[in-house]
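Novice:
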Amino acid sequence: MAGRFEGKRGLVLGVANKRSIAWAIAKRLADEGAAMAFTFQGERIEANVRELADSVSSPLITSCDVREEADCTRAVAEAAAALGGLDFVVHSVAFAAAEDLEGRFIDTPSDRFWLALDVSAYSLVAIARAAEPHLAETNGSIVTMTYLGGERTVPHYNVMGVAKATLEASMRYLAWDLGSGGIRVNAVSAGPVRTLAARSIAGFPTMEAIVNERAPLRRPIDAGDVAAASAFLLSDDARNITGTILYVDSGYHTVGM
Ligand code: NAD
Ligand code: 0WE
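Note that this note's numbering gives residue 214 to position 87 of the sequence shown, counting from 1, and the numbers run on in steps of one.
1. Residues bridged to Arg345 by DSSP?
2. Just to confirm my understanding: we take Ile328, look at its own chain, exclude 5 residues before and 5 after, and list those with CB closer than 8 Å. What are they?
3. Indicate whether Phe222 and Ala243 have their beta-carbon atoms separated by less than 8 Å.
4. Just the Cα atoms here: how many angstroms apart are Ala292 and Val286?
5. Quick one: Cα of Glu195 to Cα of Trp241, how far?
6. Can you name, in chain order, every residue of its own chain whose Cβ lies under 6 Å from the Cβ of Ala290, other than the five neighbours on each side?
7. Does the beta-carbon of Asp352, which I'm using as the reference point, lie nearer than 7 Å to any heavy atom of the ligand NAD?
8. Does the ligand 0WE have a heavy atom nearer than 7 Å to the CB of Met334?
9. Give the secondary structure of Ile188 by DSSP, where H, G and I count as helix, E and B as strand, and everything else as coil.
10. Kindly indicate which three-state DSSP category Met298 falls into: helix, strand or coil?
11. Pick from His261, Met334, Pro343: whose alpha carbon is nearest that of Gly211?
12. Verify the contact flag: Phe222, CB atom, against every heavy atom of the ligand 0WE, threshold strictly below 7 Å.
13. If we ignore side chains and look at the alpha-carbon of each, how far apart do Ser219 and Leu140 end up?
14. Label Trp150 either buried or exposed according to how many other C-beta atoms from any shown protein chain fall within 10 Å of its C-beta, with 16 as the threshold for buried.
15. Sorted by chain position, which residues of the same chain lie with C-beta nearer than 8 Å to Glu295's C-beta, five sequence neighbours on each side aside?
16. Quick one: does the C-beta of Gly288 sit closer than 7 Å to a heavy atom of the ligand NAD?
17. Drop a sphere of 10 angstroms on the beta-carbon of Val382, count the other beta-carbons inside from all chains shown, and report buried for 16 or more, exposed for fewer.
18. Considering only DSSP beta bridges, list what Arg136 is partnered with.
19. Give me whichever residues DSSP pairs with Arg311 in a beta bridge.
20. In terms of residues, what are the limits of the alpha helix (DSSP H) holding His261?
21. Please state whether DSSP places His218 in a helix, a strand or coil.
22. Below 8 Å CB to CB, which residues in the same chain sit around Gly134 once its five sequence neighbours on both sides are set aside?
23. Would you mind giving the Cβ-Cβ distance between Gly137 and Asp192, rounded to the nearest angstrom? I have them listed as a contact below 8 Å.
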């Protein structure tokens, strides 16, 4: 593919396995010429992430639990050093306790409410702060992943919806703060994609069926579609686009019935 990202260097957070949205984005960017460092969380997935990252000749694979500020600053610094600078960051991280993605939102206890917001929303702020000095050198760009459940109620999305609402507002305020330095911050709002995490969610096949029936395009979304939109937002083609949400959902969010 033509090298839109030839000479560009980035950090990718959120690859767990080959089905991860972060991996689809990384592959797409690698195809277009990008060099990338990767973070992983937890020893269980380290070997998996190393194998994937090696396949795109990554110079750095490092551990980062986004709940730890020190991990975020170290991972960003290591990535910038290994790559000789940073042109973009892909943030594709979310977590809520499994028991909070079923039942009633009203029953979410405080500790698990803040866990979901910490991992899924505040992490973007921490990573952006660490990356700012590097991205300012390159007119760099940040992209994060969100979901319609952040603006409408989606049954069972619950505390993750509150986390996505926080993520989306944080994305806009980061776009304001970093805009004066030429840095752009945007989000892709993806329809249901069959990642491993998503497949563990009861009712996922039902949601896919609803999209196939009611979305204007009446077809499912795959990770490659999300990757193409993310690559656009990270590219110079989007040089005057910041603080926005790009929907990759077969048009589902536009429908009122
Ligand atoms: P995934 O499980 O492959 O990715 C989630 C990632 O978050 C994993 O790599 C996991 O290791 C990481 N993570 C969790 N807790 C972490 C922590 N404390 N520190 C660092 N990393 C941590 O699933 P995915 O579907 O590819 O999700 C990626 C993003 O896309 C998420 O933000 C998700 O909300 C969003 N999204 C997914 C869908 C979908 O249907 N799959 C739709 C819209 C948006
Ligand atoms: O953002 C997401 C899911 C993110 C996620 C997934 C898990 C599964 C495993 C966060 N935390 C966890 N925790 C786990 O233990 N999506 C947009 C996909 C998704 O999840 C749903 C959805 C959709 C869509 C949950 C309920 C209803 C709809």
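Virtual Cβ for every residue (Gly too), placed ideally from N, Cα, C.
Since we're looking at a predicted model, the values are computed, not measured.
Specialist: On the basis of the coordinates in this document:
1. For Arg345, which the question treats as bridged, DSSP gives no partner whatsoever.
2. Leu228, His283
3. yes
4. 10 Å
5. 14 Å
6. Ala243, Leu244, Ser247, Ala248
7. no
8. yes
9. strand
10. helix
11. His261
12. yes
13. 6 Å
14. buried
15. Thr273, Gly277, Glu278, Ala314, Ile372
16. no
17. exposed
18. Ala162
19. Ser268
20. 250–262
21. strand
22. Gly160
23. Going by Cβ atoms, the distance from Gly137 to Asp192 rounds to 20 Å, so no, they are not a contact pair.
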